[in-house]
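Chemist:
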Amino acid sequence: DHPHIVIAIDGPAASGKSSVARALARKLRYVYVNTGAMYRAVTWLAVDKGVPVVDAGRVQQLLHFTKVECGVEDGQSTILLDDVDPTPHLVDEAVNANVSAIATLPDVRRLLTEKQRAFAYDYDVVMEGRDIGSAVFPETPYKFYVDASPEIRALRRARQGLQDSIAARDKVDSSRRTSPLVIAEDAHVIDSSNLTVEGVVGEIFGRLKQKGLPLGEL
Ligand code: CDP
Ligand code: CDP
8 DHPHIVIAID GPAASGKSSV ARALARKLRY VYVNTGAMYR AVTWLAVDKG VPVVDAGRVQ
68 QLLHFTKVEC GVEDGQSTIL LDDVDPTPHL VDEAVNANVS AIATLPDVRR LLTEKQRAFA
128 YDYDVVMEGR DIGSAVFPET PYKFYVDASP EIRALRRARQ GLQDSIAARD KVDSSRRTSP
188 LVIAEDAHVI DSSNLTVEGV VGEIFGRLKQ KGLPLGEL
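Numbering (UniProt numbering), first residue to last: 8 to 225.
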C-alpha cells in the first residue's frame, strides 16, 4: 500500500487526457505523471538504436542495458534514458507509428508500471494513461475515463498539426493481452466530445469533492 493520493485518468488517443490531467494537477498542486511519455520514450530508444519494436527479446535486452531514470521537475514527471532527455522526439512520426507495438510487450509494461507506482511513494499524483485505474493503481478510489467520439478525437489531433494514426493505435491498445485499454468497473466515465478542458476538469473536481477527497481551500 502507498500513502499518497492517486487520481487515475485513462482514455483513448486524443480524448484530452493530458490537457485535463495537467490542468487538474496544477489546480490541486499534485504531480502530473504522463505515462504515455514513458512508453513513447522507450519507443524512441528502440527506434534510435535500430532495435525492431516487435522483437521482445532485443527490446528487453536494450532496456536491461539502459539506465531508465524517472523524476519530477516543475510538478511534472520526467524520464531520462542513459542521461538523455527524449522529450524532443516523443511525437515523432516513427514514435507514433511504433509505440503501440512496444506497449504490447509484457517486460516493457512491467518495468514502466514499477516506475509509475514509485511516483506515489513520494507524491500525490494525477497519472494519465491507458491502464492506470485498471492495472497500475486498481486500489485507488479516484478513477476517471475520459472519452470523446472518434471524429472529435481525430479533429483534435489534426488541429495540433500532428500526423498520427490514432484509430490504429486505439485498436492495438484495446486488444492487447497485457493490461489493455479498458474502462475500470469503478471508473467515472466522462464524454468530453462537447466539453472544454476546463469543463472536464470541473466535472472531475466535483466528483472528487463528492468522494470526500480533502481539497483544502480549493
Ligand atoms: O496522448 P496520446 O493519447 O496520443 O497517447 P499517449 O498517452 O502518449 O500514449 C502513447 C501510447 O502509449 C498509447 O497509444 C499506448 O500504446 C501506450 N500507453 C500504454 O500502453 N499504457 C499507458 N498507461 C500509456 C500509454
Ligand atoms: O492526452 P490526449 O492524447 O488524450 O489528448 P490531449 O493531447 O490532452 O488533447 C488533444 C487536443 O485536444 C489538445 O489540443 C487539447 O487542447 C484539445 N482538447 C479539446 O479541444 N477539448 C477537450 N475537452 C480536451 C482536449
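Think of the CB as a built atom: it goes at the ideal place given N, C-alpha and C, for glycine as much as any other residue.
How is N41 classed by DSSP in three states: helix, strand or coil?
Modeler: Three-state result, N41: strand.
Chemist: Tell whether a beta-carbon distance below 7 Å holds between Q123 and T50.
Modeler: No, these two residues do not count as a Cβ contact at 7 Å.
Chemist: Just to check, is the beta-carbon of R163 closer than 6 Å to a non-hydrogen atom of ligand 2?
Modeler: Yes - ligand 2 has a heavy atom lying nearer than 6 Å to the Cβ of R163.
Chemist: Report yes or no: do three or more beta-carbon pairs, one from the stretch 162-179 and one from the stretch 213-225, lie closer than 8 Å?
Modeler: With the cut-off at 8 Å, the stretch 162-179 and the stretch 213-225 do not touch.
Chemist: Taking buried to mean at least 16 other C-beta atoms within 10 Å of its own C-beta, is K150 buried or exposed?
Modeler: Buried, because 16 or more other Cβ atoms sit within 10 Å of the Cβ of K150.
Chemist: Would you tell me roughly how many angstroms separate the C-alpha atoms of L225 and G219, rounded to the nearest one?
Modeler: Taking the straight line from one Cα to the other gives about 13 Å.
Chemist: According to DSSP, K150 sits in a beta bridge with which residue or residues?
Modeler: According to DSSP, which records beta bridges pairwise, K150 is partnered with A15.
Chemist: Within its chain, find whatever has a CB closer than 6 Å to the CB of R176; leave out the 5 residues flanking it on each side and keep chain order.
Modeler: A20, S107.
Chemist: Apart from the five residues just before and just after A48, which ones in its own chain have a Cβ nearer than 7 Å to its Cβ?
Modeler: Taken in chain order, the residues that qualify are I86, L88, P93, L97.
Chemist: So what does DSSP say about T85, is it helix, strand or coil?
Modeler: Looking at T85 - three-state DSSP - the assignment turns out to be strand.
Chemist: Identify, in the order they occur along the chain, each residue of the same chain with its Cβ nearer than 8 Å to the Cβ of N105, setting aside the five sequence neighbours on each side.
Modeler: Cβ neighbours of N105 beyond the five flanking positions: T50, A53, V54, V60.
Chemist: Identify whether V58 lies in helix, strand or coil by the three-state DSSP scheme.
Modeler: Coil, per DSSP.
Chemist: Should D180 go down as buried or exposed, given a rule of 16 or more other Cβ atoms within 10 Å for buried?
Modeler: By the neighbour-count rule (16 or more Cβ atoms within 10 Å), D180 is buried.
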